[in-house]
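The structure appears below as structure tokens.
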Amino acid sequence: MTTANVTWKSRWTFILAATGSAVGLGNIWKFPYITGEYGGGAFVLVYLGCILLIGVPVMIAEIMVGRAGRSDPVHSMAKLGREADKSSYWGVVGAVGIIAGLMIMMFYSVVAGWALEYVAQSVMGTYSAASTDEIESNFSSLLSNNSQQTIWHSLFTLITASVVAGGVAKGIGKAVEILMPILFGFLLLLLGYSWVNGDFSAGLHFMFDTDFSKLTGEAILVAMGHAFFTLSLGMGAIMAYGAYFPGKTSIGKTVLAIGALDTVIALVAGMAMFPLVFANGLTPGQGPGLMFVTLPIAFANMNGGLFFGTIFFSLVSIAALSSSISLIEPGVAWLEKYGVKRTLSTFGLAGIAWLGGLACIHYGAVFDALDYITANIMLPIGGLFIALFVGWVLPADTTAAEVSMGRGLIFKAWRIALRYIAPAGILLVFLNSLKLI
Ligand code: PHE
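Residues in the sequence shown are numbered from 200 upward in steps of one, following the working numbering.
Pasting the structure below:
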């Protein structure tokens with residue numbers, strides 16, 4: 200069966216699956232810690248600007264291409280390129296995206312493995328009633344325990360592969376429908392906890408006071424890269440999901456809903472963590488361990504912390520799962536076109552990612568490099584080409600018909616964003632971070 204024969208049950212299921220892809224470790228783990236590293240407010244502002252001006256238009260473009268092509272990213276882009284009497288070489292953008300997806304999966308599954316380890320630790324009460332110092336050193340000892348990390352990383356990769364092998368259209372929709380609201384509910388609960396027990400106003404100031412002197416070229420690049428990462432853009436995940444998008448319903452509103460949910464969840468995660476960081480004398484710039492240190496500290500002091508900790512880290516693992524399946528799916532859909540059985544392609548691709556994950560566990564530099572190259576370089580460049588493709592290569596008549604939002608102001612604004620704003624923005628940020636401007 201090819202992708203073209205399958206559709207989501209409804210537009211709502213698509214929203215949940217795409218939101219499941221978008222909402223993940225990027226929101227709960229990465230956003231708070233990079234905001235911490237790059238100094239807060241001004242960084243958040245640039246990130247929000249990138250979501251609105253670049254992320255949302257590119258997401259509409261990706262879904263449109265997927266739905267119009269009704270195939271994996273490589274074939275969808277090649278087909279539309281050919282139909283527009285231009286080149287089918289545009290498929291290369293999809294192919295690079297597939298590789299980027301696997302590269303992300305390599306370090307993503309390691310972090311998701313940490314979350315699984317913390318589920319186990321919560322259940323066993325490892326950090327309950329522990330001191331701040333003990334909790335901090337607990338995380339560093341996990342990082343130096345390679346076999347422990349390998350077990351969890353392997354388990355997470357295996358679970359991801361089993362879901363993808365079972366097919367996306369069935370199962371995932373149902374799962375995210377139940378899980379996403381629970382995740383949101385628990386984040387709100389934690390927000391309440393940090394309101395009561397944390398230094399909430401210090402957290403607010405940190406996240407929303409804009410001090411532009413802290414905004415380096417590097418910070419802007421990371422903010423833009425993260426906008427792509429958190430919305431799952433620039434590598435074909437959303438495009439692959441778009442191939443199953445039913446009917447001709449308008450894409451614009453759908454994307455606004457996904458973008459808003461993703462952004463709110465990131466901001467809530469930040470506001471649930473920073474007040475606790477400040478109240479416990481930790482530093483916001485403490486890097487990837489931020490979530491694995493601040494939250495256990497909160498749970499250690501909390502009535503029912505054992506229960507909440509278990510639930511919270513389970514949900515983080517689940518949020519990671521609903522994202523990781525979309526990292527593998529584009530490659531699987533592509534191989535399906537050549538008649539490769541889903542099970543074989545899924546386990547083959549997951550196997551490659553698994554090997555890369557081992558490298559990440561053993562060499563921290565590999566982890567950092569994969570994270571940096573994918574989010575800050577590959578995804579923005581992928582997004583740039585998708586914007587150019589839909590903005591300049593495809594005729595306006597085709598895009599207008601496919602995107603189903605009429606030809607009014609919103610359509611015009613979207614096209615301007617794709618033709619000028621997104622490409623110029625991405626290029627400027629690159630040149631700036633290369634210190635060329
Ligand atoms: N958006 C996911 C997150 O925020 C990560 C991701 C990136 C998933 C790219 C798919 C594609 O965690």
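For each residue, glycine too, the CB sits at the ideal point set by N, CA and C.
None of the values given here were measured: they were computed from a predicted structure.
Residue i Cβ short of 7 Å to the ligand PHE heavy atom set
i	result
Gly555	no
Phe428	yes
Gly590	no
Met638	Outside the displayed span of the chain (200 to 636) sits residue 638, for which this structure offers no information.
Leu224	yes
Ser516	no
Met434	yes
Ile350	no
Gly265	no
Ser353	no
Ser412	no
Ser220	yes
Ile303	yes
Gly300	yes
Ser603	no
Leu526	yes
Ser522	yes
Ser449	no
Ser431	yes
beta-carbon residue i near the ligand ATP non-hydrogen atom, thresh 7 Å
i	result
Leu382	In the structure shown, the ligand ATP is absent; the only ligands present are the ligand PHE.
Spatial neighbours of residue i in its chain, beta-carbon cut-off 7 Å, leaving aside the 5 residues before and after
i	result
Cys249	Ala422, Met423, Ala426
Val318	Thr509, Phe512, Ser513, Ser516
Ile551	Leu301
Trp591	Arg618
Ala471	Leu386, Leu389, Leu390, Ser393
Ile303	Leu526, Thr573
Ala456	Ile214
Ile496	Thr331, Ile334, Leu475, Asn479
Phe507	Phe498, Met501
Ser523	Met304, Tyr307, Ser308, Ala311, Thr359
Leu578	Ala299, Gly424, Phe427, Phe428, Leu432, Gly433, Met434
Gly581	Val292, Val295, Gly296, Ala299, Gly433, Met434
Ile464	Val222, Asn226, Phe383, Leu386
Leu357	none
Same chain, Cβ closer than 6 Å to residue i, neighbours up to 5 away in sequence not counted
i	result
Leu161	Outside the shown range of the chain, which is 200 to 636, sits residue 161, and nothing can be said about it.
Ser327	Ala499, Gly504, Leu505
Leu460	Thr218
Val245	Ile419, Ala422
Met604	Ser449, Gly451, Phe610
Asp408	Gly240
Contact set for residue i: own chain, Cβ-Cβ below 8 Å, skip 5 residues either direction
i	result
Val589	Ala260, Met263, Val264, Thr598, Leu617
Ala329	Asn337, Pro495, Ala499
Arg614	Gly590, Ala595, Thr598
Ala364	Arg541, Thr542, Thr545, Phe546
C-beta neighbour in chain C for residue i, strict 8 Å
i	result
Met406	Checking the listed chains, one finds no chain C in this structure; it contains a single protein chain.
* Does the count of Cβ pairs from the stretch 314 to 323 and the stretch 556 to 574 closer than 8 Å reach three? -> no
* Curious, which full-length alpha helix (DSSP H) runs of at least 4 residues does the stretch 435 to 509 contain? -> 436 to 441, 450 to 478, 489 to 499
* To do: Only counting runs of 4 or more residues, tell me where the alpha helix (DSSP H) segments fall wholly within the stretch 551 to 575, in order along the chain.
  => Runs of the alpha helix (DSSP H) inside the stretch 551 to 575: 563 to 572.
* Whole runs of the alpha helix (DSSP H) within the stretch 209 to 286, excluding any shorter than 4 residues -> 210 to 221, 230 to 236, 240 to 249, 255 to 268, 272 to 282
* In chain order, which continuous runs of the alpha helix (DSSP H) of length 4 or greater are located wholly inside the stretch 350 to 426? -> 371 to 396, 399 to 407
* Taking one C-beta from the stretch 547 to 556 and one from the stretch 373 to 381 each time, how about it: are there three or more such pairs within less than 8 Å? -> no
* For the stretch 335 to 355 and the stretch 428 to 440, state whether three or more C-beta atom pairs, one from each stretch, are separated by less than 8 Å. => no
* Asked: Between the stretch 488 to 498 and the stretch 220 to 236, do at least 3 Cβ pairs fall closer than 8 Å?
  -> Output reads yes: the stretch 220 to 236 touches the stretch 488 to 498.
* Touch check for the stretch 277 to 285 and the stretch 444 to 460: three-plus C-beta pairs under 8 Å? -> No, the stretch 277 to 285 is not in contact with the stretch 444 to 460.
* **Meets three-Cβ-pair contact criterion under 8 Å: the stretch 287 to 297 and the stretch 623 to 634** => no
* Which ranges does the alpha helix (DSSP H) cover as unbroken runs of at least 4 residues, wholly within the stretch 303 to 350, from first to last along the chain? -> 331 to 342
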